[in-house]
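Chemist:
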Amino acid sequence: MAAPNPSIEFSRLDKLVRAGLPSIVMITGESDFFRGKAMERLLKAVPKDAELRNVDGADLKVTTGDDGDDAGATGADFAPELQDLRGGGLFAKSSFVVVRRGANWWKKHSASIAGLAEKISAGSGLLLESAKIDKRKKVAAALVKQLVALGQVFEFRELYELPYDRDRGPMDGELCKWVLQVSKKLGVPLEAESALLLIAQVGKAPGELAAELERLRDQFGSDTVRAPLAPKDLVGKLTVSFASTPFEFAEAVLCGKRQAAQRSLTAMFARGVKQQDGKTMDSGGLLPFTSSWLFREIGKVYEGRLLLDRGVSMRDLPKQAGVHQFADRFLEQVKCNSIEQLNRGVMALHACQRKSRMIGEDADVLLERFLAQWFEGAPIETAEEFEL
17 MAAPNPSIEF SRLDKLVRAG LPSIVMITGE SDFFRGKAME RLLKAVPKDA ELRNVDGADL
77 KVTTGDDGDD AGATGADFAP ELQDLRGGGL FAKSSFVVVR RGANWWKKHS ASIAGLAEKI
137 SAGSGLLLES AKIDKRKKVA AALVKQLVAL GQVFEFRELY ELPYDRDRGP MDGELCKWVL
197 QVSKKLGVPL EAESALLLIA QVGKAPGELA AELERLRDQF GSDTVRAPLA PKDLVGKLTV
257 SFASTPFEFA EAVLCGKRQA AQRSLTAMFA RGVKQQDGKT MDSGGLLPFT SSWLFREIGK
317 VYEGRLLLDR GVSMRDLPKQ AGVHQFADRF LEQVKCNSIE QLNRGVMALH ACQRKSRMIG
377 EDADVLLERF LAQWFEGAPI ETAEEFEL
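If you're matching positions, the sequence shown starts at 17 in the numbering used here and goes up one per residue.
1. Distance, Cα to Cα, Glu-377 vs Ile-215?
2. Could you tell me if Met-330 is buried or exposed, where buried requires 16 or more neighbouring beta carbons within 10 angstroms of its beta carbon?
3. Within this structure, are the beta carbons of Pro-244 and Pro-304 separated by less than 9 Å?
4. Would you kindly check if the distance between the Cβ of Leu-323 and the Cβ of Ala-337 is under 9 Å?
5. Nearest-angstrom Cα distance between Arg-234 and Glu-228?
6. So, are the CB atoms of Leu-270 and Cys-192 less than 9 Å apart?
7. Determine contact between the region 147-166 and the region 93-101, defined as no fewer than three beta-carbon pairs at a distance below 8 Å.
8. State the DSSP-derived secondary structure class of Val-115, mapped to helix, strand or coil.
9. Following the continuous alpha helix (DSSP H) through Asp-30, name the residue where it begins and the one where it ends.
10. State whether the region 35-43 contacts the region 139-147, with contact taken as three or more CB pairs (one from each stretch) at a distance under 8 Å.
11. Between which two residues does the beta strand (DSSP E) harbouring Val-41 extend?
12. Whole angstroms is fine: what's the gap from Gln-197's alpha carbon to Thr-240's?
13. Ordered along the chain, which non-local residues of its own chain (more than five positions away) have a Cβ less than 8 Å from that of Ala-19?
14. For Glu-377, which three-state DSSP category applies?
15. Tell me whether Leu-213 is buried or exposed, calling it buried when 16 or more other Cβ atoms sit within 10 Å of its Cβ.
16. Going by Cα to Cα distance, which pick from Met-363, Gln-341, Arg-373 and Arg-370 is closest to Ala-394?
17. Taking just the CA atoms, how far does Phe-311 sit from Gly-361?
18. What residues are listed by DSSP as bridge partners for Asp-72?
19. For Ala-341, count neighbouring C-beta atoms within 10 Å of its own C-beta (all shown protein chains included) and say buried if the count is 16 or more, exposed if not.
20. Following the continuous alpha helix (DSSP H) through Leu-214, name the residue where it begins and the one where it ends.
21. Locate the beta strand (DSSP E) running through Glu-171, then write down its first and last residues.
22. Comparing C-alpha positions only, which one of Ile-375, Phe-265, Lys-290 and Lys-200 sits nearest to Gly-237?
23. Would you say Thr-306 and Leu-383 are within 9 Å of each other, going by their C-beta atoms?
24. Sorted by chain position, which residues of the same chain lie with C-beta nearer than 6 Å to Gly-139's C-beta, five sequence neighbours on each side aside?
25. Should Gly-118 go down as buried or exposed, given a rule of 16 or more other Cβ atoms within 10 Å for buried?
26. Taking the alpha helix (DSSP H) that Leu-489 belongs to, which residues open and close that run?
27. I believe Glu-319 touches Ala-266 by the beta-carbon criterion, under 8 Å. Please report the beta-carbon distance rounded to the nearest angstrom.
28. Out of Asp-65, Cys-368 and Asn-21, point me to the one whose CA is closest to Gly-189's CA.
29. When you compare the CB positions of Leu-175 and Pro-247, do they come within less than 9 Å of one another, or not?
30. Drop a sphere of 10 angstroms on the beta-carbon of Pro-262, count the other beta-carbons inside from all chains shown, and report buried for 16 or more, exposed for fewer.
31. Comparing alpha-carbon positions, which option in Gln-168, Trp-194 and Leu-166 lies nearest Pro-179?
32. Using the rule of at least 16 other Cβ atoms within 10 Å of the residue's Cβ for burial, across every protein chain shown, is Leu-59 buried or exposed?
33. Just to confirm, is the Cβ distance from Leu-333 to Val-350 under 9 Å?
34. Looking at Ile-129 and Leu-166, is the spacing between their C-beta atoms short of 9 Å?
35. Flag this pair as yes or no: are the beta carbons of Ala-379 and Gly-300 separated by less than 9 Å?
36. How long is the line joining the alpha carbons of Arg-274 and Ser-27, rounded to whole angstroms?
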């Protein structure tokens, strides 16, 4: 079952906090920003006279043995900090252990926590924050199931940019509505078009959007009764911090979104592209990565278009084309691209790569030329023109 809107989870969390913190609370989900905000609310609710121990699980290494079957609540897997939960310290009646970025910590100590859960002293508690909660151990799965039933597990996903009803536009999406709510709360209310402009220029990350709204508040001043700011009011006021990837670039190209494709391209070369290890990709690798991924996506859409032209129904198209994820996006791309357009795209990418090898043109310039060829029908240089 999909996680609810983060605002619903915050409402649940506030209700739990008002009733008093239970012995264990888990904050999980893909959104770093909302998980952080949830932990702030929990920390404010910790009694001022409680002993507080903070644990950062990011550096904890998990060995193969930690992934095995259930272990007992004693032994090498027992975290020293858990001892605090059996009773307050020398100078405190209660204790709280706060674990941030706790995926590995939970994986290593989940069996111990399960064994300790019923023994946590009154007024003490464990506050665990982790993007994912591993449930492969039976006792861990049983504990999580119990905590979910008690309403003590909260999952914070990212906000959807588009509404479920794709006939409606991004103004009705969760992200735009959230920006409007935050802007009003900060005293810099925005028109819906202004919120979309903010998202387009700054990006989809709630943390960056919130920071940009705070900068606008510093520039305009906070005034909850002022008329909402129009897009023209934001000209020259916004920070360009939008990041993108070759995946988003290819999606914009194949969905026929010229402005989004250009914005993605500009962002990739202005801010770089993060690799899986968190490091920024060398700019020399951007063209091969982007063109390779785009070739792959064009090929996938090309196969879908052939099937569609042969009479395969839209309902059966994703399955027959071997597309098992993001089927709606795939169908949109198939519908808006003809075989001729896709063939032209392949030719334009080949020309882009030839120019890169032969004349050493900057990669961003070559990809901008590709966009002009794809969207505007600009002429494509042939191999003969390169005297090959």
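Even glycine gets a Cβ: it sits at the ideal position worked out from N, Cα and C.
All values reported here derive from a predicted model rather than from experimental measurement.
Modeler: Let me spell this out:
1. Within the sequence shown, numbered from 1, the residue matching residue 377 stands at position 361. Within the sequence shown, numbered from 1, the residue matching residue 215 stands at position 199. Glu-377 and Ile-215: Cα-Cα distance of roughly 31 Å.
2. If you number the sequence shown from 1, residue 330 lands on position 314. It is exposed - the Cβ of Met-330 has fewer than 16 other Cβ atoms within 10 Å.
3. In the sequence shown, residue 244 corresponds to position 228, counting from 1. In the sequence shown, residue 304 corresponds to position 288, counting from 1. No.
4. Residue mapping note: residue 337 aligns to position 321 of the sequence shown, counting from 1. Residue mapping note: residue 323 aligns to position 307 of the sequence shown, counting from 1. Contact flag set, yes.
5. Walking along the sequence shown from the start, residue 234 turns up at place 218. Walking along the sequence shown from the start, residue 228 turns up at place 212. In the sequence under discussion, the amino acid at residue 234 is Asp, which differs from the Arg named in the question. For Asp-234 and Glu-228, the distance between alpha carbons rounds to 10 Å.
6. The sequence position of residue 270 within the sequence shown is 254, counting from 1. The sequence position of residue 192 within the sequence shown is 176, counting from 1. No, they are not a contact pair.
7. no
8. Translated into positions along the sequence shown, residue 115 becomes position 99. In the structure shown, Val-115 sits in a strand (DSSP, three-state: E or B).
9. Counted from its first residue, the sequence shown places residue 30 at position 14. 22-35 is the extent of the alpha helix (DSSP H) around Asp-30.
10. yes
11. Working through the sequence shown from its first residue, we reach residue 41 at position 25. Note, Val-41: beta strand (DSSP E), 40-44.
12. Position 181 of the sequence shown, counted from the first residue, corresponds to residue 197. Position 224 of the sequence shown, counted from the first residue, corresponds to residue 240. When rounded, the distance between both Cα atoms is 12 Å.
13. As a first step, residue 19 must be located in the sequence shown, where it is residue number 3. So the list reads Glu-25, Gly-45, Glu-171, Phe-172 and Arg-173, once near-sequence residues are dropped.
14. For the purposes of this step, residue 377 is taken as residue 361 along the sequence shown, with counting starting at 1. Coil.
15. Here residue 213 refers to the residue found at position 197 when the sequence shown is read from its first residue. When all chains shown are included, Leu-213 counts as buried.
16. Numbered from its first residue, the sequence shown carries residue 394 at position 378. Of the candidates Met-363, Gln-341, Arg-373 and Arg-370, the one whose C-alpha sits nearest the C-alpha of Ala-394 is Met-363.
17. As a position in the sequence shown, residue 361 is number 345, starting the count at 1. As a position in the sequence shown, residue 311 is number 295, starting the count at 1. Their Cα atoms are separated by approximately 9 Å.
18. Residue mapping note: residue 72 aligns to position 56 of the sequence shown, counting from 1. By DSSP's assignment, Asp-72 forms a beta bridge with Arg-116.
19. Start at 1 with the first residue of the sequence shown, and residue 341 comes out as number 325. It should be pointed out that residue 341 corresponds to Gln in this sequence rather than to Ala. With fewer than 16 other Cβ atoms within 10 Å, it is exposed.
20. As a first step, residue 214 must be located in the sequence shown, where it is residue number 198. It spans 208-218 - the alpha helix (DSSP H) in which Leu-214 sits, taken as one unbroken run.
21. For the purposes of this step, residue 171 is taken as residue 155 along the sequence shown, with counting starting at 1. From DSSP, the beta strand (DSSP E) with Glu-171 extends over 169-171.
22. Here residue 237 refers to the residue found at position 221 of the sequence shown. When C-alpha distances from Gly-237 are compared across Ile-375, Phe-265, Lys-290 and Lys-200, the shortest belongs to Lys-200.
23. In the sequence shown, counting from the first residue as 1, residue 306 sits at position 290. In the sequence shown, counting from the first residue as 1, residue 383 sits at position 367. Closer than 9 Å, so yes.
24. Locating residue 139 in the sequence shown gives position 123, where the first residue counts as 1. The residues are Ser-110.
25. If you number the sequence shown from 1, residue 118 lands on position 102. It counts as buried.
26. No answer is possible for residue 489: the residues shown for the chain start at 17 and end at 404.
27. Walking along the sequence shown from the start, residue 319 turns up at place 303. Walking along the sequence shown from the start, residue 266 turns up at place 250. The Cβ separation is near 15 Å, so there is no contact.
28. As a working note, residue 189 is residue 173 in the sequence shown. It is Asn-21.
29. For this step, residue 175 is matched to residue 159 along the sequence shown. For this step, residue 247 is matched to residue 231 along the sequence shown. Their beta carbons are not under 9 Å apart, which means Leu-175 does not touch Pro-247 by this criterion.
30. Against the sequence shown, residue 262 aligns to sequence position 246. Result: buried.
31. Reading the sequence shown from its first residue, position 163 is the one you call residue 179. Ranking the options by Cα distance to Pro-179, first place goes to Trp-194.
32. Residue mapping note: residue 59 aligns to position 43 of the sequence shown, counting from 1. Looking at its Cβ environment, which holds fewer than 16 other Cβ atoms inside 10 Å, Leu-59 is exposed.
33. The residue given as residue 333 occupies position 317 in the sequence shown. The residue given as residue 350 occupies position 334 in the sequence shown. Yes, they are a contact pair.
34. The residue labelled residue 166 in the question sits at position 150 within the sequence shown. The residue labelled residue 129 in the question sits at position 113 within the sequence shown. No; because the gap between Cβ atoms is not below 9 Å, this pair is not in contact.
35. Sequence index remark: in the sequence shown, residue 379 carries index 363 (1-based). Sequence index remark: in the sequence shown, residue 300 carries index 284 (1-based). Going by C-beta atoms, Ala-379 is nearer than 9 Å to Gly-300.
36. Numbered from 1 along the sequence shown, position 258 holds the residue referred to as residue 274. Numbered from 1 along the sequence shown, position 11 holds the residue referred to as residue 27. Going from the Cα of Arg-274 to the Cα of Ser-27 covers about 39 Å.
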